[in-house]
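**Student:** Residue numbers (my numbering): 11 to 584.
Questions regarding the structure given below will be posed in turn.
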Amino acid sequence: RTLFFYGVMAIGALPVLSNLYRLMARGLIALVGGSLPDYYPYNLTIAENIAAILVWTVIWLYLWRETRLSSNWQAISTQSINLGLRRLYLLGFSLGGLAMVTWGGVNLLQALMRAVDGIGWRTLVAASCAQLLVGTAIWVVHWAILQRAFRSGQPAEERSVLRKIYLYLAVFVYAVMALSSGTLLLKRLLELALGGEPSPDPLLWQLSTPVPLLVVGALFWTYHRYILTQDAAQAPEAPRQAGVRRVYGYLVASLGLTTLLTGVAGLLTLIIDVLTSPADVGLSFYRGDVALFVALTLVGTPVWLMPWRSLQQRATRPVETGTAHETAEYRSLVRKIYLYLFIFMAALVIFGSAGWFVFHILTALLGADLPDDFLTQVLNALVISLLAAGVWLYHWWAIRLDGQLDSRARAQRMAEIAVAVIDGGEGQLGQTLLRQLQQALPGIQLKPLGLTPQATAAMTGQPFAPAELDRVGYITGSWQSLAAGAVEPAVAASPAMKFVIPLAQAGWLWAGVKPEPVEAYAQQIARGIEQSIEGETVDLAGGFEAGTWIAAVLGVMLFLVVGGGLLLFVLSIM
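Here's what the structure looks like:
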């Protein structure tokens, strides 16, 4: 029902807003003496625009009134799925209005900077103003509703993942817009500083493409970044919201690092070309490339360093007490993908360069002629390989650091966890369990509790006492031991997780349980306790299902195809 309401409201709002935009554009164009296009939908009459607005406005208002009825609004405001549909509707129109504001502002600034008189120019200015005004109204109205809900402290809005996706998407898009235009602007300025020929066009005309993109991108990037800062100050970050933040952060970091590496690699190869090129090739020949690669380096450095330093600080920051360790930054899947992706790419470049070099050496030994610029190509391959090796080493160091942080956190967790091992008889099962737990979970507190003097001595423990179970997180032992006498009520009353070993006994058969050696049971217990500590689903059997094996094989094949393609690409550009 809610999907119907907001779906039809969205369908009805589109013709209302589009016809309002056409009416405003028509009025502004007529006001400045411009010329309307003669194709649809510009060739609609004013009466047709007004008729469409009236019809669809009536439909929209009826549906909006239905959503505000107490019975419907109660369902919308209390059920998370209905709130999500309403939020999706508001964010969709906020995003559409923001896009109109963006391109209306860019087109208006571009037209004003070019300042070319004529009917076409006046038409562009009027249409851009109409787009800017209508887009601003759409964006402000819908975004204000969402902001009011968030500022009022509504829990559903504070925990909304859609809101974070919208904000981080806006921040990322505007960052790319500002950085790409800033790079083009910086490149042109560097060309002029290096003695390039000035363009015959007026200065404002030359700047009319990068400057509007830079100004609008920087303005809206600043605003949405400010909103994210305010959100973080008001409400703690939920795990799924943190995932959206990480995706944004590592996307920007990867974009910045790729830009930086492109600039540095380009500059190094240019230096080699200058040193090995014929003397009659002047430096002016490289002016455009130098300006481009310097601009990429200057822009890429802060774009990579700023998010990467923030992410590294989060990764190395101690996990707060009471916070689930699986939410730690260094355990993030997005972070691992980022690090291993650059390690993989760097390894491909290194192997590709080495393969190219060996190929040409072997062909030369077999009597083939080497290229005339063989020395230049060798030096280019060498510097690119060294650069890739630096990238590989740095990201491998980051992975090792994450592993050390995880090991330290794991040791701290283990020191706070106690496992009670209960055994009777001769204590042989208890000895096996203790040995396996010490090997698999070093640092964990083990409390051997014997039901007989022989078991107590064999495990080097103490006699069983119910009070000992009050301070343990896990209890393990055979079903015979855990069901014995005074042990059973104490185990049943304990909140600890119990791992029971189905030891065989004459006259007793366990349905669905495959008999295993004692060592296998001990390994399963250690694996299950480790999975529970790590917050994973406990799977005592372990191993892989057939579907997992098939997925793994397909993944390896895909990896080989992609890796082979990238390797061929690297070899082709050497």
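Just so you know, even glycine gets a beta-carbon here, dropped at the ideal spot from N, CA and C.
Note that the structure is a prediction, hence the values are computed from the model and not measured.
Note down the Cα distance separating Leu285 from Gly298, rounded to an integer number of angstroms.
**Tutor:** Cα to Cα, the separation comes out at about 18 Å.
**Student:** Is the segment 270-281 close to the segment 168-186, with three or more CB pairs under 8 Å?
**Tutor:** With a cut-off of 8 Å, the segment 168-186 and the segment 270-281 do not count as touching, because too few Cβ pairs lie within range.
**Student:** By Cβ distance, which residues of its chain are closer than 6 Å to Thr466, with the 5 residues on each side in sequence left out?
**Tutor:** Cβ neighbours of Thr466 beyond the five flanking positions: Gly460, Pro473.
**Student:** Could you check what DSSP says for Thr331 in three-state terms: helix, strand or coil?
**Tutor:** For Thr331, the predicted structure reports a pLDDT of 48, less than 50, and the residue's modelled location is therefore unreliable. A value from the coordinates is still provided. Coil.
**Student:** Can you tell me where the alpha helix (DSSP H) with Thr466 in it begins and where it stops?
**Tutor:** Note, Thr466: alpha helix (DSSP H), 463-469.
**Student:** Could you have a look at Ile485 and say whether DSSP puts it in helix, strand or coil?
**Tutor:** Ile485 falls in the strand class under three-state DSSP.
**Student:** Which residue marks the beginning of the alpha helix (DSSP H) containing Gly102, and which one marks its end?
**Tutor:** From DSSP, the alpha helix (DSSP H) with Gly102 extends over 90-124.
**Student:** Just mark Gly107 as buried or exposed, buried being the case when its beta carbon has 16 or more other beta carbons within 10 Å.
**Tutor:** Buried, since its Cβ has 16 or more Cβ neighbours within 10 Å.
**Student:** Measure the CB-CB distance between Ala468 and Glu436 and report whether it falls below 8 Å.
**Tutor:** Against a cut-off of 8 Å, the Cβ pair of Glu436 and Ala468 comes out as a contact.
**Student:** What does DSSP give as the partner residue(s) for Leu459 in the beta ladder?
**Tutor:** According to DSSP, which records beta bridges pairwise, Leu459 is partnered with Ile432, Gln472.
**Student:** Measure the C-alpha to C-alpha separation of Val482 and Gln534 and round it to an integer number of angstroms.
**Tutor:** Spanning the two alpha carbons is a distance of roughly 19 Å.
**Student:** Go ahead and pull the three-state DSSP assignment for Lys346.
**Tutor:** Looking at Lys346 - three-state DSSP - the assignment turns out to be helix.
**Student:** Whose CA, out of Trp66, Ser542, Pro527, Arg173, lies closest to the CA of Ser104?
**Tutor:** If we check each option's Cα against that of Ser104, Arg173 comes out closest.
**Student:** Would you be able to state if there are at least three C-beta pairs under 8 Å between the segment 351-360 and the segment 391-410?
**Tutor:** Result yes; three or more Cβ-Cβ pairs closer than 8 Å.
**Student:** Rounded to the nearest angstrom, what separates Thr279 and Leu101 at their Cα positions?
**Tutor:** So the alpha carbons of these two residues sit roughly 47 Å apart.
**Student:** Using only the alpha-carbon positions, how far apart do Ala185 and Val313 sit?
**Tutor:** So the alpha carbons of these two residues sit roughly 9 Å apart.
**Student:** If we ignore side chains and look at the alpha-carbon of each, how far apart do Ser45 and Ile281 end up?
**Tutor:** Approximately 54 Å, taken between the alpha carbons.
**Student:** Specify the secondary structure class of Ile63 as computed by DSSP and reduced to three states.
**Tutor:** Here Ile63 sits in helix by DSSP.
**Student:** Buried or exposed: Pro317, going by 16 or more other Cβ atoms within 10 Å of its Cβ?
**Tutor:** Classification of Pro317: buried, given that the 10 Å Cβ count is 16 or more.
**Student:** Whole angstroms is fine: what's the gap from Arg363's alpha carbon to Ala391's?
**Tutor:** Note that residue 363 corresponds to Ser in the displayed sequence, not to Arg. Rounded to the nearest angstrom, the two C-alpha atoms are 5 Å apart.
**Student:** Which one of Gln244, Ser320, Leu315, Leu271 has the shortest CA to CA distance from Val304?
**Tutor:** Among Gln244, Ser320, Leu315, Leu271, the Cα nearest to that of Val304 belongs to Leu271.
**Student:** My assumption, with CB atoms under 8 Å, is that Gln251 sits in contact with Val171. Please give the rounded CB distance.
**Tutor:** Sure, about 6 Å apart at Cβ, within 8 Å.
**Student:** Check Ile56 in the structure and name its three-state DSSP category.
**Tutor:** Three-state result, Ile56: helix.
**Student:** Output the distance between the C-alpha atoms of Phe352 and Ser190, rounded to the nearest integer angstrom.
**Tutor:** Their backbone Cα atoms lie some 22 Å apart in a straight line.
**Student:** Please list, in chain order, all residues of the same chain as Ala166 whose beta carbon is under 7 Å from its beta carbon, the five residues on each side excluded.
**Tutor:** Result list for Ala166: Ser90, Leu93, in chain order.
**Student:** For Arg327, which residues of its own chain have a beta-carbon under 8 Å away from its beta-carbon, when the five flanking residues on both sides are left out?
**Tutor:** Excluding sequence neighbours, Arg327 sits near Glu339.
**Student:** Provide the residue span of the beta strand (DSSP E) that contains Lys508, from first to last.
**Tutor:** Element bounds for Lys508: 507-511.
**Student:** So what does Trp518 bridge to, in DSSP terms?
**Tutor:** DSSP lists Gln515 as partners of Trp518.
**Student:** Suppose contacts are defined by Cβ-Cβ distances below 8 Å. Is Leu30 in contact with Val144 by that definition?
**Tutor:** Contact flag set, yes.
**Student:** Residues in its own chain within less than 7 Å of Ile237 by CB, not counting five upstream and five downstream?
**Tutor:** So the list reads Leu177, once near-sequence residues are dropped.
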